[in-house]
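**Q**
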Amino acid sequence: MSVSERFDVIVVGARCAGSPLATFLQRAGLSVCVVDQAEFPSDTLSTHMFQLSGIEILQKLGALDGILAEGAPPITDCYMKFEDVDLSGPPRLRPHDPKVPMLCVRRIALDVHLVAAARAAGVEMRLHRRVVGLIEDDGRVVGVRTVDREGKVATLRADLVVGADGRLSTIARLTGARRYHVTTSERMSSWAYYRGVPKQPVAKVYYHRKGDDFVVAAPADNGHFVAIVCPSLDEREAYRVDGEGAYWRTIEGCAPVAELVRGAERVTKFRGLTRFEGFFREATGRGWVLAGDAGHFKDPTPGQGISDALRQVEKLSEAIVRGFSRPDRRDEELRRWWRWRDADAMQHYWFAADIGKRGPISPVLLEILRGVAANEELRQDFLDIFLHRAYPREVFGFGALAMATARMLADPHKRRGALGEAAKLVAEELGRRKQALRPRLTEKAIVDEMQFDQQTTSAA
103 MSVSERFDVI VVGARCAGSP LATFLQRAGL SVCVVDQAEF PSDTLSTHMF QLSGIEILQK
163 LGALDGILAE GAPPITDCYM KFEDVDLSGP PRLRPHDPKV PMLCVRRIAL DVHLVAAARA
223 AGVEMRLHRR VVGLIEDDGR VVGVRTVDRE GKVATLRADL VVGADGRLST IARLTGARRY
283 HVTTSERMSS WAYYRGVPKQ PVAKVYYHRK GDDFVVAAPA DNGHFVAIVC PSLDEREAYR
343 VDGEGAYWRT IEGCAPVAEL VRGAERVTKF RGLTRFEGFF REATGRGWVL AGDAGHFKDP
403 TPGQGISDAL RQVEKLSEAI VRGFSRPDRR DEELRRWWRW RDADAMQHYW FAADIGKRGP
463 ISPVLLEILR GVAANEELRQ DFLDIFLHRA YPREVFGFGA LAMATARMLA DPHKRRGALG
523 EAAKLVAEEL GRRKQALRPR LTEKAIVDEM QFDQQTTSAA
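Just so you know, our numbering puts the end of the sequence shown at 562, numbered straight through with nothing missing.
1) Where do the N-terminal and C-terminal ends of the alpha helix (DSSP H) with Leu511 fall, by residue?
2) Can you give the beta carbon distance from Thr403 to Cys332, rounded, assuming they're within the 8 angstroms contact cut?
3) Can you give me the C-alpha to C-alpha distance between Asp314 and Glu384, rounded to a whole angstrom?
4) Go through its chain and collect everything with a Cβ distance to Glu479's Cβ below 6 angstroms, but skip five positions before and after it.
5) Relative to the C-alpha of Val528, which candidate in Lys516, Arg518, Arg495 and Gly407 has its C-alpha closest?
6) Rounded to whole angstroms, what is the Cα-Cα separation between Phe142 and Ala447?
7) Quick one, which of Ala211, Val246, Ile457 and Val328 has its alpha-carbon nearest Gly380's?
8) Name, in chain order, the residues that DSSP records as bridge partners for Leu236.
9) Would Tyr296 and Phe327 be called neighbours here (beta carbons separated by less than 8 angstroms)?
10) On a CA-only basis, which of Ala492, Gly235, Ile408 and Val202 is nearest Arg117? Give me that one, please.
11) Could you check whether Ile353 and Val317 sit closer than 8 angstroms to each other, using their CB atoms as the reference points?
12) What first and last residue would you give for the alpha helix (DSSP H) that runs through Thr125?
13) In the structure shown, what three-state DSSP assignment does Lys312 receive?
14) Please report the Cβ distance between Gln139 and His230, rounded to the nearest whole angstrom; I am assuming they are in contact, meaning their Cβ atoms lie under 8 angstroms.
15) Quick check: Phe126 and Val415, are their CB atoms within less than 8 angstroms of each other?
16) Shortest alpha-carbon distance to Lys162 belongs to which of Leu258, Ala219 and Ala502?
17) Using DSSP's beta-bridge definition, name the partner residues of Val426.
18) Could you tell me how far apart the beta carbons of Phe378 and Gly345 are, in whole angstroms, since I believe they sit closer than 8 angstroms?
19) So which of Phe382, Val214, Glu523 and Arg413 has the shortest CA-CA distance to Glu545?
20) Closest to Lys417 by CA distance: which of Val114, Ala119 and Val105 is it?
21) How many angstroms separate the CA atom of Thr277 from the CA atom of Val263?
22) Locate the beta strand (DSSP E) running through Ser291, then write down its first and last residues.
23) Use the C-beta contact count for Phe184: other C-beta atoms within 10 angstroms, 16 or more gives buried, fewer gives exposed.
24) Sorted by chain position, which residues of the same chain lie with C-beta nearer than 7 angstroms to Gly389's C-beta, five sequence neighbours on each side aside?
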């Protein structure tokens, strides 16, 4: 026999988008139920860094103190090198900012605090349940059908169903939400956690790009340290034959990280993605909306996904509350939020895709970065892109491109090919702006996503 319950809002997915959204909505006076097939604490395939823009939301949720108690040191400094261009140094903080520009917390330690905040707000949790269908009335989604681990079916009805269930979203599939601005990955990612890494005087995040190798690393919660490599897909066969050896060859190319982890104990298996797609999805329809990775996923190399999800759901909660009294008004508020989401995320989406490109960095982009490194104000603007406090065009716009090209043309050692490379970058940017006006919609994935878990752990 099926059980039936009624709420104002059903949120499918209890992690970085779902539980925070539910907390905001419940505090605003709506009755909210969160459905997730997982239990908590539990892990999920994800990067684990988040920046100031997301930390501010965690503070509003009342979850930050508990997360900090997990022992993740506030990351207040940055080692960042792209080839020979050194952009290292601490990011600027504003007077009223949390004194925590960045954190790295494993999802097994982070998500449990988000779920706890939702429960404390009065949100109903329905864990160990999987959504198997939508309930519709005259073309409007009015609920979901779920099944638990024992096969018991339940019907949950609501005025609004939110899909916050990740990039492989069930709600997106069931609603037929189409994707646009799709990009295919040009890099893989592989990471592991270590213990016994020498403690540094100041917690620092590491970004190191040399040739076609990319290393990202940071101290995390409970004495852990994560080291991530993002090799080109051209290295896929080398990683298939000897994944650990290939991983270490890349790590050794970044001396500061190699020195930290060389004598440490690896305490997790290697995890990662060998193939994925970035995308935007149609964000809303009659009775439903998508949040977090369910609606928008970009190259994970800059590590902005968690903060993006938190920022999105704060704005989404405001839109839902404003329009909740009438379905037509709610639909319009959600469409308005969709437009905000795309405008807010678009430049960072392409910025992440550019960072994730394989092959050598464009010499014109490197010249722009040299100008950034020579000017502290510009360097801070560049770091603000990672904190989602500046948009990439503020640093890499047509003016910066023109000045960098002019410097290259004035240098006999750099002028060869400069105009052609600059023209290529201009054409690419204009194409993206045109595409934003008329997105190309697609229903099916271009590539199949591939994940891996290496089951062994060992001393490094």
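Heads up, the beta-carbon is just placed ideally off N, CA and C, and yes, glycines get one too. Small disclaimer: the values here were computed from a predicted structure and weren't measured.
**A** So, from the listed chains and residues:
1) Per DSSP, Leu511 belongs to the alpha helix (DSSP H) from Phe500 to Leu511.
2) Sure, about 6 angstroms apart at Cβ, within 8 angstroms.
3) In this structure, the straight-line span from the alpha carbon of Asp314 to that of Glu384 is close to 34 angstroms.
4) Excluding positions up to five away in sequence, the list is empty.
5) Closest by C-alpha distance to Val528, out of Lys516, Arg518, Arg495 and Gly407, is Arg495.
6) The straight-line gap from Cα to Cα measures roughly 29 angstroms.
7) Here the closest residue by C-alpha is Ile457.
8) Here Leu236 is bridged, per DSSP, to Val246.
9) Result yes, Cβ atoms of Tyr296 and Phe327 sit closer than 8 angstroms.
10) Ranked by Cα distance from Arg117, the options Ala492, Gly235, Ile408 and Val202 are led by Ile408.
11) Closer than 8 angstroms, so yes.
12) Its alpha helix (DSSP H) spans residues Gly120 to Arg129.
13) Lys312: strand per DSSP, three-state reduction.
14) The beta-carbon separation of Gln139 and His230, rounded to 6 angstroms, stays under the 8 angstroms limit for a contact.
15) Yes.
16) Measuring from the Cα of Lys162, the nearest candidate turns out to be Ala219.
17) The question names Val, but residue 426 in the sequence shown is Phe. Per DSSP, none; premise fails for Phe426.
18) That pair is no contact at about 17 angstroms.
19) The shortest C-alpha to C-alpha distance from Glu545 to any of Phe382, Val214, Glu523 and Arg413 is the one to Phe382.
20) Minimum Cα distance to Lys417 is reached at Ala119.
21) Roughly 11 angstroms between the two C-alpha positions.
22) For Ser291, the enclosing beta strand (DSSP E) has its first and last residue at Ser291 to Arg297.
23) Here Phe184 is buried: its Cβ has 16 or more other Cβ atoms, across all protein chains shown, within 10 Å.
24) Around Gly389: Arg242, Val243, Val244, Leu262 and Val263.
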